[in-house]
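Structure record follows, encoded as C-alpha cells.
Chains as they are written, first to last, in my numbering: chain A, 2 to 301; chain B, 735 to 1024.
This is how it looks when you write it as C-alpha cells:
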C-alpha cells in the first residue's frame, strides 16, 4: 500500500467501518450472492412448483448439450455478438478519429455522435421495427425502390438477425466513442507531430500508431460490449422478432427468459444462467489482465 | 446558448494551427454524414409521431402531420404512458438515491479506515461484477414471489441498489483527494459522516454528477427486470409500456404514429440527462485513468 493511501487512513474504528459498509454488504448478500448461489443450486434440480425441488444432478446440463435448439441459440448469440461488437467498434474508431482530427467544433461533433449512449434499447427496437417494417417501413421501401433489395426480415431469418444487429450497433456506438475519443485525446501531440514529419498518411497513423497505443481501451470496450451484446440484445429481440422467424434471432438471453417465464422451467433456465455466468467470468478475467478498469455491465 | 459559445471558443483555442487547411473539409463532411445517419431514425420517428394513423400508413409521406397534440395526448392519457413515465421516474430516483448513499458510505470505509477485513470486503464487492441480472434472475424472481415483493416498487428497485461500480468510482475519487486536506479534517476531530458531508461530497461534485448520469441512463433504460417483476400493467415502466402500445391495434392496424410518439417520450429524459451532464459524464467515463 502506498504512502499516500496510508496517510488517508485517518480513522481506525473497525466498528464504524463495519457500519459504513453494512448497507452495501447486506444488499449484496441478499440480492446478489444469495440469488447467485441459488442459481447454481436450482440448476441441479427439477422444480415443479416454486419451492418443490428434486435433485437431478447434471440432467439440465446434459439436456442443454443435447438440445439442437440450445446449440442453435448459442450459435446465433455468438454471431450476433461478434458482428455487433466488431462493426460497432470499427465504426466508432473511425468516427472518434475524425473527431480527433477535425480542426474545430470538436465538442459539438462529440455530443452529436455520443447521444446513442442514452438511447434506450426498447426505443431503438420499436423505431427500427417500424422504419424497417416489411410492408410499411420507409427504409424497407427505399431499399426496394432505389437499390432493388427486398428486406423481407419477417420471413428471412438472416435478415431478421441483421435488423436486430442494426439496433445494437446504433445504440452501442455512443459508449464506444466516449472511451475512444478520451483515449485518443491523451496521446501526446509529440507522437503525432513526429509521425507527420515522417510523412505517414492519416489512416496509417490511426491503425499503425494510435490503435496500438489505445489497445487497452479497445480490449476493455470489446469485453464490455461483448457482455452487453450477450445480455442487452434481449429488449431488441423481444420487441422486434420474439426470437423468430424460425428461431433465427433466438439469442441465449431470450431463450432463458422464455424457458423461465413462459415455460416455467426454472431449473433448466437456472442451468442456462450458469452457462452465462461462466461466460461473464471468462470475459472478466480477460479484462482484468489488460486493464485496471472495472466494467459496468449494466443493471438492466 | 452561453455554454455552446464557450465550447466553440475552446475548440478554436485547442485547434492546432498545423492541422488547418483544405484537408479538414472532408472530415467535416464525413462527420456531418455520420450525424445524419445516426439521427435519421429519430427525426423520422418525430415526424411520424405527428401524423394520423391513416397518414402513417402512407409510406411515401414523410412530412409532419396535423395530429401532434392529439397523438401525444392519446399516448399520455388514454394509453397510460404518463403513468408509465412516472413509474420509470420513481424507480430511477429511488435507485439513484439508494446507490449514492450506500456507495458513498462504503467508499468512505474502504479509503479512510484501517481495519482487518478491508481486502476481503473489497473483493466481496468486486466479485458482484460477475453477477449481472441474467445470472441470478430466476432465484431473484422466486425470492420476490416468496416475500411478496412481486408487482411492487420495493421489488423493482431493491435488487439494484447495491452497486460495485459506484463504490469503485467513489473509491478512486476519494483516493485522489490530497492527504493534506484529509489530515486537516482529522486535526479538527470530525466524525466520518461529517467528514463525508462537509469534505468529501463537496470535493467530489463532478464525479457525483457523472455517476448520477450513468445511473439515470442505465436505470431508465432497464427493460428485463421490470418486465419480469411488474405483473400489473398500471405499475409498469415506460420501456415496457412501449410493448403495450406496440401490441395495441385499432381495427386491426397497429397505430404506429402512437408507438412513435411513445418512443419519443421514452427517449427524452435520458437524452436530456446526457446533454445537461455531458461534461461530468465524459470525465467520469472517459477520464477515469489511474
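From the three backbone atoms N, C-alpha and C, an ideal C-beta is built for every residue, glycine too.
9 angstroms Cβ cutoff met for residue i and residue j
| i | j | result |
| --- | --- | --- |
| residue 68 of chain A | residue 871 of chain B | no |
| residue 971 of chain B | residue 890 of chain B | yes |
| residue 28 of chain A | residue 895 of chain B | yes |
| residue 204 of chain A | residue 193 of chain A | no |
| residue 780 of chain B | residue 994 of chain B | yes |
| residue 959 of chain B | residue 822 of chain B | no |
| residue 99 of chain A | residue 874 of chain B | no |
| residue 13 of chain A | residue 922 of chain B | no |
| residue 900 of chain B | residue 837 of chain B | yes |
| residue 902 of chain B | residue 859 of chain B | yes |
| residue 70 of chain A | residue 248 of chain A | yes |
| residue 940 of chain B | residue 886 of chain B | no |
| residue 937 of chain B | residue 829 of chain B | no |
| residue 240 of chain A | residue 172 of chain A | no |
Distance between beta carbons of residue j and residue i, contact taken as under 8 angstroms
| i | j | result |
| --- | --- | --- |
| residue 184 of chain A | residue 150 of chain A | In fact, because the Cβ distance is near 37 angstroms, the residues do not count as touching under 8 angstroms. |
| residue 168 of chain A | residue 129 of chain A | 5 angstroms |
| residue 850 of chain B | residue 968 of chain B | Contact doesn't hold; Cβ gap of about 49 angstroms is too wide. |
| residue 935 of chain B | residue 1004 of chain B | Rounded, the Cβ-Cβ distance is 25 angstroms, inconsistent with contact. |
| residue 177 of chain A | residue 44 of chain A | Contact flag wrong, Cβ pair sits at about 34 angstroms. |
| residue 165 of chain A | residue 250 of chain A | 5 angstroms |
| residue 141 of chain A | residue 131 of chain A | Residue 141 of chain A to residue 131 of chain A, Cβ: 10 angstroms. No contact. |
| residue 892 of chain B | residue 22 of chain A | Actually they do not touch by this definition, with Cβ atoms about 18 angstroms apart. |
| residue 137 of chain A | residue 791 of chain B | 6 angstroms |
| residue 1 of chain A | residue 97 of chain A | Chain A is shown only over 2 to 301; residue 1 of chain A falls outside these bounds and no answer can be derived. |
| residue 852 of chain B | residue 844 of chain B | 7 angstroms |
| residue 82 of chain A | residue 227 of chain A | 6 angstroms |
| residue 188 of chain A | residue 214 of chain A | 6 angstroms |
Below-9 angstroms beta-carbon distance, residue i vs any chain B residue
| i | result |
| --- | --- |
| residue 6 of chain A | yes |
| residue 121 of chain A | yes |
| residue 261 of chain A | yes |
| residue 213 of chain A | no |
| residue 298 of chain A | A caution first: residue 298 of chain A carries a pLDDT of 38, below 50, which makes its placement in the model unreliable, though a value can still be read off. Answer yes: the Cβ-Cβ gap between residue 298 of chain A and chain B drops below 9 angstroms somewhere. |
| residue 112 of chain A | yes |
| residue 138 of chain A | yes |
| residue 11 of chain A | yes |
| residue 78 of chain A | no |
| residue 179 of chain A | yes |
| residue 235 of chain A | yes |
| residue 301 of chain A | In this predicted model, residue 301 of chain A has a pLDDT of only 27, less than 50, meaning its place in the structure is not dependable; the value taken from the coordinates is given anyway. So yes, residue 301 of chain A belongs to the interface. |
| residue 166 of chain A | no |
| residue 199 of chain A | no |
| residue 150 of chain A | no |
| residue 182 of chain A | yes |
Assigned secondary structure, residue i (DSSP; H/G/I helix, E/B strand, else coil)
| i | result |
| --- | --- |
| residue 238 of chain A | helix |
| residue 812 of chain B | helix |
| residue 881 of chain B | coil |
| residue 206 of chain A | helix |
| residue 896 of chain B | coil |
| residue 849 of chain B | coil |
| residue 67 of chain A | helix |
| residue 133 of chain A | coil |
Cβ of residue i within 9 angstroms of any chain A Cβ
| i | result |
| --- | --- |
| residue 1020 of chain B | yes |
| residue 994 of chain B | yes |
| residue 748 of chain B | Its pLDDT being 48, under 50, residue 748 of chain B is placed unreliably in this model, and the coordinates cannot settle the point. |
| residue 1060 of chain B | In the structure as shown, chain B begins at 735 and stops at 1024. Residue 1060 of chain B is therefore absent and cannot be evaluated. |
| residue 1007 of chain B | yes |
| residue 928 of chain B | no |
| residue 808 of chain B | no |
| residue 1023 of chain B | For residue 1023 of chain B, the pLDDT reaches just 41, beneath the cut-off of 50, and the residue's location in the model is therefore unreliable, leaving the point undetermined. |
| residue 768 of chain B | yes |
| residue 908 of chain B | yes |
| residue 866 of chain B | yes |
| residue 752 of chain B | Here the model assigns residue 752 of chain B a pLDDT of 45, short of 50, so the residue's position is not dependable and the matter cannot be decided. |
| residue 762 of chain B | yes |
| residue 969 of chain B | no |
| residue 872 of chain B | yes |
| residue 817 of chain B | no |
| residue 805 of chain B | no |
Other residues of its chain near residue i: CB distance less than 8 angstroms, five sequence neighbours each side excluded
| i | result |
| --- | --- |
| residue 201 of chain A | 209, 210 |
| residue 802 of chain B | 783, 784 |
Chain-order list of residues whose beta-carbon lies under 6 angstroms from that of residue i (same chain, five-residue window excluded)
| i | result |
| --- | --- |
| residue 806 of chain B | 995 |
| residue 840 of chain B | 901 |
| residue 1024 of chain B | For residue 1024 of chain B, the predicted model reports a pLDDT of 32, less than 50, meaning its position is unreliable; a value from the coordinates is still stated below. Closer than 6 angstroms at Cβ, skipping near neighbours: no residue. |
| residue 254 of chain A | 232, 235 |
Neighbourhood of residue i by C-beta, 7 angstroms cutoff - its chain only, sequence neighbours within 5 removed
| i | result |
| --- | --- |
| residue 997 of chain B | 779, 976 |
| residue 55 of chain A | 46, 47 |
Exercise for the section: Name, going along the chain, the residues of the stretch 29 to 43 of chain A whose beta-carbon falls closer than 7 angstroms to a beta-carbon of chain E. Expected result: Absence of chain E from the displayed structure is noted, the protein chains being A and B.
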